[in-house]
Amino acid sequence: MYAEERHQRIVEQARHDGRVEVTTLAAELDVTAETIRRDLTTLEHHGLLRRVHGGAIPVERFGFEPALAHRATMLAEEKERIATAALAEVPEAGAILLDAGTTTGCLAGLLPTDRELTVVTNGLDIAVQLAPHPHLSLFLIGGRVRTRTRATVGEWTRAPLAVTYVDVAFMGTNGISVVRGLTTPDTTEAAVKQCMMAGARRVAVLADHTKFSIDHFSHFGHLDEVGVIISDSGLDPALADELAAAGPRVVRA
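In numbering that gives the first Met the number 0, the protein residues as written are 0 to 252.
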């Protein structure tokens with residue numbers, strides 16, 4: 000078994016059982032306890048598990064939401080592939096919305112700057128990235144800034160979104176499942192995301208494979224409201240089929 004396969008199995012087992020133990024994993028996977036400890040350290044570095052005495056617990060049990068700077072270093076290659084695939088959803092002209100996040104931030108960096116596009120965002124980092132491009136008409140939505148995600152939230156954010164309509168909303172999510180749909184830990188971000196989806200002709204969700212089969216505290220969207228889900232090749236094909244049966248087209252980049 001390759002390390003990547005072992006990591007995926009460890010994370011899946013942790014999410015299913017709520018906890019994994021070093022000694023049990025070593026016996027089940029036929030590797031040394033030291034190998035498992037290194038695996039858990041790697042998975043903690045990627046923000047998927049939290050180390051505890053004798054094992055690890057999935058971050059979802061803590062209501063844990065990694066800070067933006069940390070998330071930017073996670074799965075960078077996969078996010079780049081997702082963003083590249085998402086370019087096919089960008090119209091030749093018109094208005095798009097970029098939800099705050101690292102994968103949508105990757106898409107911002109790839110946007111064609113020779114098109115007459117209107118871009119709306121609540122992501123401070125995305126706005127700074129796009130501000131120098133003269134052909135893009137950029138709208139940064141104001142509001143209270145969440146330090147952890149550098150996203151604007153609250154009534155000052157929702158009010159302009161209520162009178163904004165875009166061709167495509169490119170959304171991020173902390174969790175996505177067949178049963179619960181789209182979820183995120185923070186209620187204020189969930190409320191903003193609901194407004195974003197309501198004001199879009201089409202919704203594209205950009206999410207790496209670690210976000211699937213996870214449910215967070217705040218629900219903000221159903222799968223039948225989504226036109227396309229774009230993930231990476233790490234997304235299980237059987238799960239991709241389940242998601243597609245619920246409504247959206249699913250792309251594994």
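Note that beta-carbon positions come from the ideal geometry of N, C-alpha and C, so glycine has one too. Keep in mind the model is a prediction, meaning the values are calculated, not measured.
Contact under 8 Å by Cβ, residue i with residue j
{"i": "A92", "j": "L109", "result": "no"}
{"i": "I35", "j": "V51", "result": "no"}
{"i": "T103", "j": "G122", "result": "yes"}
{"i": "V167", "j": "R143", "result": "no"}
{"i": "G233", "j": "E77", "result": "yes"}
{"i": "R18", "j": "I213", "result": "no"}
{"i": "D235", "j": "R80", "result": "no"}
{"i": "G171", "j": "A206", "result": "yes"}
{"i": "H218", "j": "N173", "result": "no"}
{"i": "V165", "j": "A94", "result": "yes"}
{"i": "T151", "j": "I140", "result": "yes"}
{"i": "A237", "j": "V177", "result": "no"}
Residue from the options whose Cα sits closest to the Cα of residue i
{"i": "L86", "options": "A13, A203, A245 and L139", "result": "A203"}
{"i": "R179", "options": "T40, A84 and E224", "result": "E224"}
{"i": "T112", "options": "G122, L96, F216 and H132", "result": "H132"}
{"i": "F211", "options": "T182, A107 and T120", "result": "T182"}
{"i": "A2", "options": "L39, N173, R114 and M196", "result": "L39"}
{"i": "G220", "options": "V30, Y164, A26 and E188", "result": "E188"}
{"i": "R251", "options": "D29, P90 and D240", "result": "D240"}
{"i": "E33", "options": "E154, A99, G53 and A206", "result": "G53"}
{"i": "D29", "options": "I175, M0 and T163", "result": "M0"}
Residue range of the beta strand (DSSP E) that includes residue i
{"i": "H44", "result": "Premise fails: H44 lies in the alpha helix (DSSP H), A32 to H44, not in any beta strand (DSSP E)."}
{"i": "A244", "result": "That residue, A244, is in no beta strand (DSSP E); its alpha helix (DSSP H) goes P236 to A244."}
{"i": "V202", "result": "A199 to L205"}
{"i": "V119", "result": "L116 to T120"}
{"i": "V106", "result": "Sequence inspection shows Leu at residue 106; the Val mentioned does not correspond to that position. That residue, L106, is in no beta strand (DSSP E); its alpha helix (DSSP H) goes T101 to L109."}
{"i": "A87", "result": "It is not in any beta strand (DSSP E) - A87 carries neither H nor E in the DSSP assignment."}
{"i": "I175", "result": "G174 to S176"}
{"i": "H218", "result": "S217 to G220"}
{"i": "V58", "result": "Run containing V58: none; DSSP gives neither H nor E here."}
{"i": "S230", "result": "V227 to S230"}
Own chain residues within Cβ distance below 7 Å of residue i, not counting five before or after
{"i": "C194", "result": "R157, L160 and A161"}
{"i": "P247", "result": "L222, V225, G226, V227 and I228"}
{"i": "T31", "result": "A25"}
{"i": "L97", "result": "T103, L106, A107, V118, T120, G122, I125 and F169"}
{"i": "L137", "result": "V118, A126, L129 and A130"}
{"i": "P90", "result": "D166 and V167"}
{"i": "A281", "result": "Residue 281 lies beyond the range of the chain shown here (0 to 252); nothing can be said about it."}
{"i": "T186", "result": "S217"}
{"i": "T163", "result": "V119 and G198"}
{"i": "A84", "result": "I229, V250 and A252"}
For residue i, the first and last residue of its enclosing alpha helix (DSSP H)
{"i": "L24", "result": "V21 to L28"}
{"i": "V10", "result": "A2 to D16"}
Beta-carbon contacts of residue i that lie in its chain and below 8 Å, excluding the five residues immediately before and after
{"i": "V10", "result": "L42, L47, L48, P57 and T209"}
{"i": "E154", "result": "G142"}
{"i": "Q12", "result": "V19 and L24"}
{"i": "Q7", "result": "G233"}
Contact set for residue i: own chain, Cβ-Cβ below 6 Å, skip 5 residues either direction
{"i": "V24", "result": "The displayed chain sequence assigns Leu, not Val, to residue 24. The answer, listed in chain order, is I35."}
{"i": "L135", "result": "L116, V118 and L129"}
{"i": "V249", "result": "I228, A239, L242 and A243"}
{"i": "K253", "result": "Outside the modelled stretch of the chain, which goes from 0 to 252, sits residue 253, for which no answer is possible."}
{"i": "G100", "result": "G171"}
Any chain D beta carbon closer than 8 Å to residue i
{"i": "D185", "result": "The displayed structure is made up of one protein chain only, and chain D is not part of it."}
Within the segment 126 to 171, ranges of the beta strand (DSSP E) (whole runs, at least 3 residues): 135 to 139, 143 to 145, 150 to 152 and 165 to 170
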